[in-house]
Amino acid sequence: MEKIALITGITGQDGAYLADFLLKKGYIVHGIKRRTSLFNTDRIEHLYQDPHDPNRRFILHYGDLTDSTNLIRLIQRIQPDEIYNLAAQSHVQVSFDNPEYTANVDALGTLRILEAIRILNLVKKTKFYQASTSELFGKVQQIPQNENTPFYPRSPYAVAKLYAYWITVNYREAYGIYACNGILFNHESPIRGETFVTRKITRALTRIVLGLQDRLYLGNLDAKRDWGHAKDYVKMMWLMLQQKKPEDYVIATGEQHSVREFVEQSANLLGLEIEWKGKGVDTKGFVNKFNKDKFFHLLDILGLKPKINSFDLEERCIIEIDPRYFRPTEVETLLGDATKAKEKLGWEPKITFSDMIKEMVEQDLILACRDFLCENNGFCIQTREW
Ligand code: NDP
Ligand code: GDR
């Protein structure tokens, strides 16, 4: 029998990778997308199947985690074997500006799906995956963090996700639903949202080197994260639902880097050596050296040929601190211990930190070159600081 999966948040980074993964496993994949005034399906364009095709295996529905009746109707119609709840207002900083909305989607949204499973008598049929997060650990009490580390959320986002975590555990214990929390540490990719720090860095540096942008403004350079690749992580979501017993798992690489290191390594791939001057909010990143040969070699490898007349990069300040990006309460350091997932799920991340940065820099360089070509052939691309 073909399995049917329902993914909320299918238009996001993880939703796109998971949909691809499940389709390759032979699943019929249904996804919930929000109605937006512009297309929001860029990341899943390659999976699109004509709605007129009676044999299509990839089906999108309009929906929203704030709309119970919509969720109940969809789940009743789809009768999924597995639901992956990835939808969320997932930006930590934005959650300080929109705390009530974040709670509605991230906390109550999870409850709405669990209730739908119960109301529709799908308790024995439908397995449930909740996208929990390392942000639950927040103000870290123990290093590294595992499934037994106490939680101390530090943002409205994390507090909302704390509710979602416990309501998932509660519905598992109270009603016997096969429900799991994947406590995933940060995971990135070339399709990561542009306002998360990793993608913001790779996008900005590739644009700066081509002269499309002057400066990259960042917040806390010393924040440390355990960064993995999203492609590796979605497989673990699926594996959590294929076990005999539902349990919660930490997924992490066990390796930690600072935002500052992420900048340095990304810059280095583009031939830029960064020198930091000043302290705190006055920290500035200057280009100490620009290795043009290295940069042209990278362009060559990628088959890119932008006609750049001059580079004016050495000794230039390209990174500054903007205190707007400081959070009212920050999560300074996160490092995961995924021993349980290693032992029970056979977890072994395949993509290293360096390979991930390389992939992100290369993909953003391709996009930046496209913009460069448009700009130099008469199109004006407006750049925007996030
Ligand atoms: P993204 O921000 O890329 O994607 C979020 C998805 O949720 C998008 O499809 C978005 O739709 C959708 N969404 C937002 N609000 C609603 C709503 N009200 N109703 C329905 N859908 C909605 O997140 P990621 O893919 O990076 O993360 C997936 C999940 O995993 C999230 O829950 C996140 O909190 C969690 N997580 C992520 C980690 C990471 O490092 N990436 C780590 C740990 C947990 P639209 O495209 O229209 O905006
Ligand atoms: P995070 O990711 O908050 O960990 O949440 P983000 O990339 O936004 O921040 C990581 C760290 O970098 C610092 N930082 C900046 N962050 C952003 N966005 N922009 C900046 O300019 C900047 N400068 C420094 C932040 O202060 C922070 O310390 C992500 C999301 O995907 C969540 O949904 C998920 O649950 C967690 O990862 C695990």
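Counting from 1, position 84 in the sequence shown corresponds to residue 84 in UniProt numbering; the numbering is continuous, with no gaps. Idealized CB from N, CA, C, for every residue including glycine.
Opening and closing residue of the alpha helix (DSSP H) in which residue i lies
i    : result
L162 : 156 to 175
F372 : 353 to 376
S132 : First-last for S132: 127 to 133, but that is the beta strand (DSSP E), not the alpha helix (DSSP H).
L38  : From DSSP, L38 is part of no alpha helix (DSSP H); its letter is neither H nor E.
H297 : 292 to 301
V263 : 259 to 269
V250 : No alpha helix (DSSP H) contains V250, which is instead part of the beta strand (DSSP E) from 249 to 251.
F21  : 13 to 24
E115 : 109 to 119
L304 : First-last for L304: undefined, no H or E at that position.
L74  : 68 to 78
E343 : 339 to 345
E100 : 99 to 102
Selection from the options that minimises the alpha carbon distance to residue i
i    : options                : result
K305 : L210, V287, I319, A230 : L210
I191 : Q242, E2, R43          : R43
I78  : A174, A107, T66, H61   : H61
R215 : V123, N121, D50, K200  : K200
N35  : L18, V29, I10          : Going by the sequence as given, residue 35 is Arg instead of Asn. It is I10 whose Cα lies nearest to the Cα of R35.
F311 : H187, C374, R207       : R207
V331 : R154, K161, G346, K292 : R154
F196 : F353, S90, W276, P144  : S90
Y217 : A116, Q256, T202, R172 : T202
E135 : I119, R73, T329        : T329
I177 : G138, V123, F185       : V123
L162 : T66, Y171, Q142, A107  : A107
I113 : N70, F185, D53         : N70
C180 : H187, E100, Y171       : Y171
A204 : V29, K33, V361, R225   : V361
S68  : E115, S37, N98         : E115
K292 : V250, G63, H52, L269   : L269
I351 : K294, Q49, A368, W227  : W227
D282 : N55, E194, I321, A252  : I321
K279 : I75, A5, N220          : N220
Boundaries (first-last residue) of the beta strand (DSSP E) holding residue i
i    : result
Q213 : Neither: Q213 is in no beta strand (DSSP E) and is coded neither H nor E.
E45  : First-last for E45: undefined, no H or E at that position.
E320 : 317 to 321
Paired residues, beta bridge with residue i - DSSP
i           : result
N181        : Q130
N85         : T8, Q130
K279        : Answer is none; K279 lacks a bridge partner.
R225        : H257
T333        : K224
L272        : F290
residue 394 : In the structure as shown, the chain starts at 1 and stops at 386, and residue 394 therefore has no counterpart that could be examined.
G31         : I7, L60
I201        : I201 pairs with nothing; no bridge assigned.
H187        : G228
L218        : I321
G285        : W276, I319
Q145        : G336
Near the ligand FMN: residue i beta-carbon under 8 Å from a heavy atom
i    : result
A341 : This structure lacks the ligand FMN; its bound ligands are the ligand NDP and the ligand GDR.
| said: With three or more C-beta pairs closer than 8 Å as the rule, is the segment 160 to 173 touching the segment 119 to 137? | reply: yes
| query | So, do the segment 347 to 357 and the segment 259 to 270 have three or more beta carbon pairs nearer to each other than 8 Å? | reply | yes
| task | Spell out a yes or no on whether the segment 142 to 150 and the segment 337 to 345 are touching, meaning 3 or more CB-CB pairs, one atom from each, closer than 8 Å. | result | yes
| request: Taking 8 Å as the threshold, find out whether the segment 241 to 248 comes into contact with the segment 271 to 288 through three or more Cβ pairs. | output: no
| query | Taking three-plus beta-carbon pairs below 8 Å as touching, is the segment 43 to 52 in contact with the segment 4 to 20? | reply | Touching, yes.
| message | Within 8 Å, do at least three Cβ pairs link the segment 22 to 33 to the segment 47 to 61? | response | yes
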